[in-house]
Structures are given as C-alpha cells and as structure tokens.
Amino acid sequence: MATDLSFGQVLAILKGNGSLRPGLLALLSDLSRDDLSDFRGAWSEIGDARRLEVARRLVQWKGQNTLVDYDPLFVHMLSDTSASVRLAAIDGLEEPTTAAHVPAVLNLMETDTDERVRAASARVLASYVFLSFCGLMPRPVADTILPRLLRQLDSEATPAIVRQHALVGAAYAADEHVHVLIESAYEVGDVADQVSAITAMGVSGDRRWVSVVSDEMESPYREIRLIAARAAGNLGDPSVLDQLLRLVEQDEVEIQLAAVEAIGKIGGSTAQGMLEDLLYDADLAELEEAIEEALEELAWSDGLSGMALMDFDPSDDEPDAPFTDN
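Here is the structure:
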C-alpha cells in the first residue's frame, strides 16, 4: 500500500518508472519542510520525460481532489529547465488560494524564454486579479498585477499569444485605456485576437460591449459564437436572452451549454422561465444537468442580490490586507 511507504521510497518511485497511483500522489500533499527539501533535491535527478509525467499527474489529481496541496511543488517546478514542466506547474496554480506565488508567476510572464509559458502565466495572473476584485484576495494583489499586464500590452515586443491572455486579465479593471486595447484587438486583430477581445468584453462587465457580443452570437464561426455566449453571461444584459435561447435550441452541444450557463448568470424572472421550459424539452434531455445547475445559480444569485441591501453594514467594510511584491 502506498500509505505504508516512507518518503524516501516515494522519491525512489518518482525517480524510477513506478506507477503514479492516487495513493502515491496523496503522499506528496502537504509536505513537511524536510520532505519538501528532499523532494527538491530529488527532482533534479529525475529525467525530463518523467518530470513532465509527474507534474501532469499532480495537476490532474489536484483537479479531482480539492483538498490536496501541491502548490509548493508547483512553485519549485516553475524554475524547471523544461518549458513543458514549467507549463504544467503553471496549470497547477490555475486556481490560486494564496498571493504568495504572484511574484514568481509575474517573473515568468515577463522573462520566460517560451511564449507558451508566458501566455499561461498571464492567464493565471488574470485569475489572481479576478479573486482580488471579488474580495477573495487582498486588493493590492490586483494593484500589483494590473500595471504589469498593461506593460505587456503596451510593448510591441510582446508575443501575440501573451498579449491575448494579458488583455483578458487587464479587462477586469475599469480603465479607458484597456477599453481602447480591447477595441483595437477586436477591430484589427486576427481570429485569436478577436476571441481574446470578446472574452475581455465579457470580463470587463461593461455594457458598452453588449451590441458587439450580440452580433458575434450570430457569427458563422463556432469558436466566436461560443466565446460570445460566455461573454453575454458575464455582461448580464437581459436583452440578449432570446439570442441565447436560440443558441440552446439550435446550436451544437458545447455552445448550448455555454448559452444555458449564460442565461442562468443573467438571471431574473424571464431567464428563470426560459430555463424551466428548457428543462421539460424532451429534445434537450442531454442538457438537463446543466439546466438544473443554471437554475440553482440563478436562484442563488437572485437571492443574494435581494439580500444585499438589507444585510450591508458599512462598518463591516474592513480595509484590505497588505500585499508585498517581493
């Protein structure tokens, strides 16, 4: 049994070709300081292909088990000699729980030799900004990241793929300069730029973009329709509900799912009625679970907005904790 192994035996398996079973992976979570030091020492002795296999399995297992903590391992892997391993490590930090890793990820976005790594770093940094604006991380986290994202966007040397992800992260700020960058990417860029621009429109929450998103839900390109449906949900404007309903009734499954989720995000009595009707449509049986989840989110968000004014107490608004970019 993996639980009977010493940590030295675990490291020996990692160095070899032993199976990376769930029980073994569990022993790499929440390491003590000494075990983490031993892991770092052993990591350099593992071949490139095996390191990548371990990194990817840890990312996969973390996605299936929210209680495991591999963040210290992923942070160590950010300096790996293999770009593929660094990329996997960034994926492992996709859902951050602490701001401690921000400086390391910022450094990768700005200096890594691999464009994929830089782009993935920008994508993860957007998650930190979002959590910061939601109050789930200190506000100084966003204040530290946003100027660095803008620096990437304003530099002609920044690779296109990095700019695309940086634009989405920067869009969380209500900044007129960012709006100009979004418009430029949408009007002048290629399809990938347009996808990032439409995503950024939704992220911004600015309803100036509703007409653009509405138009793009009629696009002949499936990728654009998909992104536009997601953006419509983020913008929350009920004027696009009928278009979203048509996507649910007429488009392919991935777009149907995005449209269902968007209807739930927009909320309100009209959206609720649409979802309830869809739930009993025999032709949409494969969407039943998604529709039920959308109804649950709608009920939760509508209930939350109804309670907000009653429960708000200005004296409860505590200042953000300090954040230092070391």
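Residues -12 to 313 (the numbering used here) are what the sequence shown spells out, left to right. All residues carry an ideal CB built from backbone N, CA and C; glycine is no exception. If you're wondering where the values come from, they're calculated on a predicted model, not measured in any experiment.
In its own chain, which residues sit with a C-beta less than 7 angstroms from the C-beta of residue i, not counting the 5 before and 5 after it?
i, result
"Gly223", "Lys252 and Ile253"
"Val116", "Ala129, Ile132, Leu133, Gly156 and Tyr159"
"Arg316", "The structure shown does not extend to residue 316, since the chain is modelled only from -12 through 313, so no value can be given for it."
"Lys49", "Val55, Tyr57 and Gly79"
"Glu81", "Val111 and Ser114"
"His63", "Arg27 and Trp30"
Grab me the residues of residue i's own chain with a C-beta within less than 8 angstroms of its C-beta, minus the 5 sequence neighbours each way, in chain order.
i, result
"Glu263", "Leu282"
"Asp25", "Phe(-6), Gly(-5) and Leu(-2)"
"Glu342", "The chain is shown only over -12 to 313; residue 342 falls outside these bounds and no answer can be derived."
"Ile211", "Val178, Gln181, Val182, Ile185 and Glu203"
"Asp101", "Ala70, Arg73 and Leu74"
"His164", "Leu137"
"Leu266", "Glu275, Ile278, Glu279 and Leu282"
"Ser302", "Unreliable placement is indicated for Ser302, whose pLDDT of 44 sits below 50; the coordinate value is still reported in the next sentence. Taken in chain order, the list of residues that qualify is empty."
"Val200", "Ile185, Met188, Gly189, Ala215, Ala218, Ala219, Leu222 and Val227"
"Thr257", "Pro225 and Leu228"
"Val149", "Met96, Glu102, Arg105, Ala106, Ala109 and Gln139"
Could you check the C-alpha separation between residue i and residue j for me, to the nearest Å?
i, j, result
"Gln51", "Met124", "23 angstroms"
"Leu314", "Gly122", "Limits of the chain in this structure are -12 at one end and 313 at the other, which puts residue 314 out of reach."
"Thr85", "Val(-3)", "27 angstroms"
"Thr186", "Gln243", "17 angstroms"
"Arg126", "Ser119", "5 angstroms"
"Gly5", "Val41", "11 angstroms"
"Trp196", "Asp268", "32 angstroms"
"Ala246", "Val92", "33 angstroms"
"Leu11", "Leu112", "30 angstroms"
"Thr145", "Asp(-9)", "49 angstroms"
"Gln259", "Glu236", "16 angstroms"
"Pro83", "Gln139", "22 angstroms"
"Ser198", "Glu143", "30 angstroms"
"Ala106", "Pro90", "16 angstroms"
"Glu239", "Asp17", "42 angstroms"
"Arg209", "Arg20", "49 angstroms"
"Ala36", "Leu65", "16 angstroms"
"His166", "Ile77", "28 angstroms"
"Glu241", "Glu273", "11 angstroms"
"Leu14", "Arg38", "17 angstroms"
"Ser288", "Gly255", "9 angstroms"
"Leu271", "Arg135", "45 angstroms"
"Gly34", "Asp67", "11 angstroms"
"Arg43", "His88", "19 angstroms"
So, at 6 angstroms on beta carbons, what are the nonlocal neighbours of residue i in its own chain, with the 5 sequence-adjacent residues on each side left out?
i, result
"Leu23", "Pro59"
"Ala147", "none"
"Arg103", "Leu74"
Worksheet item: Using 8 angstroms as the threshold, is the stretch 224 to 231 in touch with the stretch 182 to 192, meaning 3 or more CB pairs across them?
Response: no
Discussion item. Quick test of the definition: if touching needs 3 or more C-beta pairs under 8 angstroms, does the stretch -1 to 11 touch the stretch 25 to 40?
Written reply: The stretch -1 to 11, when compared against the stretch 25 to 40, does touch it at the 8 angstroms Cβ threshold.
Fill in: Contact between the stretch 90 to 109 and the stretch 49 to 60 (3+ Cβ pairs under 8 angstroms)
no
Item to complete: Go through the stretch 164 to 227 residue by residue and report every complete run of the alpha helix (DSSP H) that reaches 4 residues or more, in order.
Response: DSSP runs (the alpha helix (DSSP H)) wholly in the stretch 164 to 227: 178 to 191, 197 to 203 and 209 to 222.
Worksheet item: Taking the runs of the beta strand (DSSP E) that are 3 residues or longer, which of them lie wholly in the stretch 3 to 72?
Response: none
Discussion item. Under 8 angstroms: do the stretch 205 to 218 and the stretch 228 to 237 share three or more Cβ pairs, one atom per stretch?
Written reply: yes
Item to complete: Would you list, in sequence order, the uninterrupted alpha helix (DSSP H) runs of no fewer than 4 residues that lie entirely inside the stretch 82 to 122?
Response: 89 to 98 and 102 to 120, all fully within the stretch 82 to 122.
Worksheet item: In chain order, which continuous runs of the alpha helix (DSSP H) of length 4 or greater are located wholly inside the stretch 230 to 289?
Response: 240 to 253 and 256 to 266
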